[in-house]
Amino acid sequence: MRINLVNRMAASSFKVESGIQLIARLTKKLTNIKFYPHLFPSGLKPGEVIELIHNEDMPICLITDIICTALLPTNLGGAESGVLIFNCSGNFNFSKLVTSMRQKIKSYTKTLDEMEVDDLIAKQFNNLFVVDIHDATQFYTTIYNLENVLLEHTNITMVMFDNIAAFYWSEQGFKIMKIDTYLKKVLSKIQNVTKEHKVIVLYSKPHYFNSSKDAMESLEACYELPSLDGVNYRISVSYDRDSIYLANVKSYNMQQEKRFCINEEQVTWI
Amino acid sequence: MQKLKQVNHAALTDDILKKLSQSRIATILEFLQEDTEKLSIITKLSLSDILTIRSHIFDKYSAPLINGATLLKRIKTKKKFLQTGIESLDLVLNGGIPVGHITEFCGLAESGKTQLSFQIAINCVKETGGTILFIDTKGDFSAIRIQKVLEAEQLSHKEMAIIMHKIKVVHIWTMDEIIELLQKIKNKTLAFDNLCLLIVDSLPCLMLQYLGDDNKIGLALLNTFVNYCRFIANDMEIGIICINLQTRWVDQDISDLEEDEKDRSTSVIKEIAYVEKRNRCLGNYWRYVPAVVLLLEKSQPFESDGKHICSHITVKLNSERENKSCNLLLNAIGVTSCIE
Chain A
1 MRINLVNRMA
11 ASSFKVESGI
21 QLIARLTKKL
31 TNIKFYPHLF
41 PSGLKPGEVI
51 ELIHNEDMPI
61 CLITDIICTA
71 LLPTNLGGAE
81 SGVLIFNCSG
91 NFNFSKLVTS
101 MRQKIKSYTK
111 TLDEMEVDDL
121 IAKQFNNLFV
131 VDIHDATQFY
141 TTIYNLENVL
151 LEHTNITMVM
161 FDNIAAFYWS
171 EQGFKIMKID
181 TYLKKVLSKI
191 QNVTKEHKVI
201 VLYSKPHYFN
211 SSKDAMESLE
221 ACYELPSLDG
231 VNYRISVSYD
241 RDSIYLANVK
251 SYNMQQEKRF
261 CINEEQVTWI
Chain B
1 MQKLKQVNHA
11 ALTDDILKKL
21 SQSRIATILE
31 FLQEDTEKLS
41 IITKLSLSDI
51 LTIRSHIFDK
61 YSAPLINGAT
71 LLKRIKTKKK
81 FLQTGIESLD
91 LVLNGGIPVG
101 HITEFCGLAE
111 SGKTQLSFQI
121 AINCVKETGG
131 TILFIDTKGD
141 FSAIRIQKVL
151 EAEQLSHKEM
161 AIIMHKIKVV
171 HIWTMDEIIE
181 LLQKIKNKTL
191 AFDNLCLLIV
201 DSLPCLMLQY
211 LGDDNKIGLA
221 LLNTFVNYCR
231 FIANDMEIGI
241 ICINLQTRWV
251 DQDISDLEED
261 EKDRSTSVIK
271 EIAYVEKRNR
281 CLGNYWRYVP
291 AVVLLLEKSQ
301 PFESDGKHIC
311 SHITVKLNSE
321 RENKSCNLLL
331 NAIGVTSCIE
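Chains as they are written, first to last, in UniProt numbering: chain A, 1 to 270; chain B, 1 to 340.
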């Protein structure tokens, strides 16, 4: 009789949730993050996935600028959120991140002296976490360990992978997995771990890393809402001309072209 | 992907590993992505034991989390560049060969890549007193060429001996061998006193045997090589120079051909344009690997001082659109900044 009652209750009105789901729900992230309007005019929703496609000469300044804006306090034009970087390519330059943050702070506040700027940088860096990844085993174990990391550091709002294709070839044996299939598999592993924590996932991938040779047009459409192994924003960056870069931004309901140039290693949107 | 038996956990006995293997769980990844309750049923271990194994795997294999404060400290204290000892080249490189990253020297055959790497090796030993590991894959490493450069600098025999002693040469013939060497350096089973620079001359020599290989084994090996290089460069705070080859060919300009098609209708005969095209070897994957790419281009040789045949080499930074470049003077007695 009692068992029947429990079964009926479970089947009708009760939802069973794990401890992780409970903690993630209790530390729920903001509903919409106003962040980097040049690329995301309507802001970002927790759990969304952003794909950044780039050539080999894409200025690292763009990724640095995005991370820097995510870390900066809101009164300085940032999102004041925690960021975790999966440094897979090894080419992310953290010194440039400090330089970029210093220049941004100075451009917003003229009154701070060097010491105060240093203190502010140190404070904002408290929201930054990095994992240096050197092989495929380390890549996957660190992804599965993300659950523990996100539980411990609830301020992390964005997880960034630079770049997601770094270990593709080392994982291929005599049988080669299609690039698109591989990408979906990796993304679904990441999302399985991060979905309860509602973090934004941003990953970069090289232009060639695509099963079809027709590039952007042939890629799957962007999703409106966060969904497993699908992306919500796709940004393709390429060199235009006269030191100007072109960012082609796609979401489920918009497509726009934005141009930027680099002045003293700082991104300036045109 | 590493096998589960490499985890070395007391609870993962041969019997348990066999049971897991029968359920197609043989690698660490397969273990981690499986539901913990299902693993408990398969292995007949308690849920707590399964979670302990998972935790052990995370401790042993996942990357340590670096917080912002540690990162800032690292940025302030870490060596960022290795000066090349050639002033104009250091200016182009914003300080020198980046430490912790892979740098590529690329150019046509005989563009001065090896000679430049010899000069940088000598200058680095003189500047830092550290060891240079020169990986020779072509089998043409010449100590005499280094000696000539040192003699031109009018060093004593003792000084020359010290510098030459610091440049360690390893001959490598296959990708497997170079990976084994890097693995030993990573695991510290092979150690060099104060290693500061690793030079691979040249990478395409090892990779060309995999050209056209449908199974892409070459790319798998290249990816593994890059992973080791990145670990060593970061962990030991050294610079890594990989020498790559540039190829060139003459091609018909396609746009002109299309124009020709249009012109035919107007009966105008137009000459087909031929253009020289150049390409960096090692394919698409490699293009994204180096943090810095230096393109070397050699001028026609000329007699500079009545004694030496020289060439100018233009060194161009390929990673940015800034088009930074410098001219160097190259001859048998070394590479120096070019006085305009």
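Beta carbons: idealized from backbone N, C-alpha and C, even for Gly.
Please read all numbers here as calculations on a predicted model, not as lab measurements.
Roughly how far, in whole angstroms, is the beta-carbon of residue i from the beta-carbon of residue j, given that I think they are within contact range, below 8 Å?
i        : j        : result
A:Val237 : A:Ile85  : That pair is no contact at about 18 Å.
A:Asp135 : A:Phe167 : 7 Å
A:Ile156 : A:Gly47  : That pair is no contact at about 13 Å.
A:Val249 : A:Leu120 : No, A:Val249 and A:Leu120 are not in contact; Cβ-Cβ is about 30 Å, not under 8 Å.
B:His312 : B:Ser299 : 4 Å
B:Ala121 : B:Leu197 : 7 Å
B:Ile75  : A:Val130 : No, B:Ile75 and A:Val130 are not in contact; Cβ-Cβ is about 11 Å, not under 8 Å.
B:Ala63  : A:Ile133 : 5 Å
A:Asn55  : A:Asp162 : With 8 Å as the limit, A:Asn55 and A:Asp162 do not qualify as a contact, their Cβ atoms being about 15 Å apart.
B:Val99  : B:Glu237 : 5 Å
B:Val92  : B:Leu133 : At roughly 24 Å, the Cβ-Cβ gap does not stay under 8 Å, so B:Val92 and B:Leu133 are not in contact.
A:Ile179 : A:Ser211 : 5 Å
B:Gly239 : B:Leu195 : About 10 Å separates the two Cβ atoms, so there is no contact after all.
First and last residue of the beta strand (DSSP E) that includes residue i?
i        : result
A:Ile262 : 255-263
A:Asn248 : 244-250
B:Gly334 : 334-337
B:Arg287 : From DSSP, B:Arg287 is part of no beta strand (DSSP E) but of the alpha helix (DSSP H) over 283-287.
A:Trp235 : Position check: residue 235 of chain A holds Ile in this sequence, whereas Trp was assumed. Segment 233-241, the beta strand (DSSP E) holding A:Ile235.
Based on the DSSP secondary-structure assignment, which residues constitute the bridge partners of residue i?
i        : result
A:Val83  : A:Leu128, A:Met158
B:Ile241 : B:Thr103, B:Ile199
B:Leu296 : B:Gly107, B:Val315
A:Pro206 : A:His54
B:Gln33  : DSSP, once it has assigned bridges, lists no residue as partnering B:Gln33.
B:Phe81  : B:Pro98
B:Arg280 : B:Gln246
B:Asp251 : B:Val275
A:Val267 : A:Ile262
A:Ile33  : A:Leu44
B:Asn331 : B:Gly334
B:Leu133 : B:Lys168, B:Leu198
B:Asp27  : For the record, residue 27 of chain B in the displayed sequence is Thr; it is not Asp. DSSP output for B:Thr27 lists B:Lys3 as bridge partner(s).
A:Ile200 : A:Met158
Specify, as a first and last residue, the run of the alpha helix (DSSP H) that residue i falls within.
i        : result
B:Ile41  : 36-43
B:Arg74  : 68-77
A:Thr194 : 179-194
A:Asn145 : 136-152
B:Ile57  : 47-61
B:Asn123 : 113-128
B:Gln22  : 14-22
A:Cys222 : Element bounds for A:Cys222: n/a, residue is neither H nor E.
B:Ala191 : No alpha helix (DSSP H) contains B:Ala191, which DSSP labels as neither H nor E.
A:Cys61  : 60-71
B:Tyr228 : 217-235
B:Leu91  : 87-92
Excluding the 5 residues preceding and the 5 following residue i in the sequence, name in chain order all residues of the same chain whose CB lies nearer than 7 Å to its CB.
i        : result
B:Leu89  : Val315, Cys326, Leu328
A:Trp269 : His38, Lys258, Phe260
A:Glu224 : Tyr252
Could you pull out every residue in the same chain whose Cβ sits closer than 8 Å to the Cβ of residue i, ignoring the five residues on either side in sequence?
i        : result
B:Ser267 : With a pLDDT of only 49 at B:Ser267, under 50, the local geometry of the prediction cannot be trusted, and the value read off the model is given with reservation. Excluding sequence neighbours, B:Ser267 sits near nothing in its chain.
A:Lys184 : Asp229
A:Leu112 : Ile105, Lys106, Leu120
B:Pro290 : His101, Ile102, Thr103, Glu104, Cys242, Ser319
B:Gln2   : Thr27, Ile28, Tyr61
B:Gly95  : Lys80, Phe81, Gln83
A:Ile176 : none
B:Asp176 : Leu221
B:Tyr285 : Leu219, Leu222, Asn223
Which same chain residues end up closer than 6 Å to residue i when comparing Cβ atoms and leaving out the 5 residues on each side of it in sequence?
i        : result
B:Ile50  : Thr36, Leu39, Ser40
A:Thr64  : Lys96, Leu97, Ser100
A:Ser12  : A caution first: A:Ser12 carries a pLDDT of 47, below 50, which makes its placement in the model unreliable, though a value can still be read off. Excluding sequence neighbours, A:Ser12 sits near nothing in its chain.
A:Ala70  : Ala79, Ser81, Val83, Met158
B:His9   : Ile53, His56
B:Ile135 : Val170, Ile172, Val200
A:Ser89  : Asp162, Asn163, Ala166
Determine, using beta carbons only, whether residue i comes closer than 8 Å to chain D.
i       : result
B:Leu65 : Although the question refers to chain D, the structure presented lacks it and instead comprises the protein chains A and B.
Could I get the ranges of all uninterrupted alpha helix (DSSP H) runs contained in the region 135-183 of chain B, with 4 residues as the minimum, in chain order?
143-152, 157-166
Contained alpha helix (DSSP H) runs [length at least 4] in the region 97-129 of chain A, N- to C-terminal order:
114-125
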